[in-house]
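Worksheet: the structure to be examined is printed underneath.
In the numbering used here, the protein residues as written are 3 to 99.
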């Protein structure tokens, strides 16, 4: 069963996606960091309390990729320099019309 979506089978683009065994420390660490960042107590418990590599944890590649992706879009929207630049851009195109 996938430790992220908690399902055995998953279809991506009409194809069945196989479960991948968590055999590297890098994979384990990336999931742990994402769980910490998201404050996901369920996955923090799975990865933090024991060695998920030894316990044969499995995941779908697409689940891990989506789960560990950093959501920079939200941070970018609150960056003052970016907001100022976006406002200047919008104002410039308002005057062109």
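For every residue, glycine included, the Cβ atom is placed at its ideal position computed from N, Cα and C.
Remember, predicted model here, so these are calculated numbers, not experimental data.
C-alpha gap between residue i and residue j, whole angstroms
| i | j | result |
| --- | --- | --- |
| residue 34 | residue 40 | 10 Å |
| residue 86 | residue 24 | 44 Å |
| residue 16 | residue 65 | 16 Å |
| residue 67 | residue 26 | 15 Å |
| residue 32 | residue 70 | 6 Å |
| residue 19 | residue 81 | 37 Å |
| residue 92 | residue 6 | 40 Å |
| residue 43 | residue 21 | 22 Å |
| residue 45 | residue 28 | 16 Å |
| residue 83 | residue 11 | 44 Å |
Residue from the options with nearest C-alpha to residue i
| i | options | result |
| --- | --- | --- |
| residue 60 | 50, 70 and 30 | 30 |
| residue 13 | 91, 84, 63 and 82 | 63 |
| residue 8 | 38, 36, 48 and 96 | 48 |
| residue 4 | 38, 89 and 58 | 58 |
Within 9 Å, strictly: CB atoms of residue i and residue j
| i | j | result |
| --- | --- | --- |
| residue 37 | residue 50 | yes |
**Study point:** Complete beta strand (DSSP E) runs within the segment 9-57 (minimum length 3 residues, chain order)
**Key:** The segment 9-57 contains these whole beta strand (DSSP E) runs: 12-14, 17-19 and 21-23.
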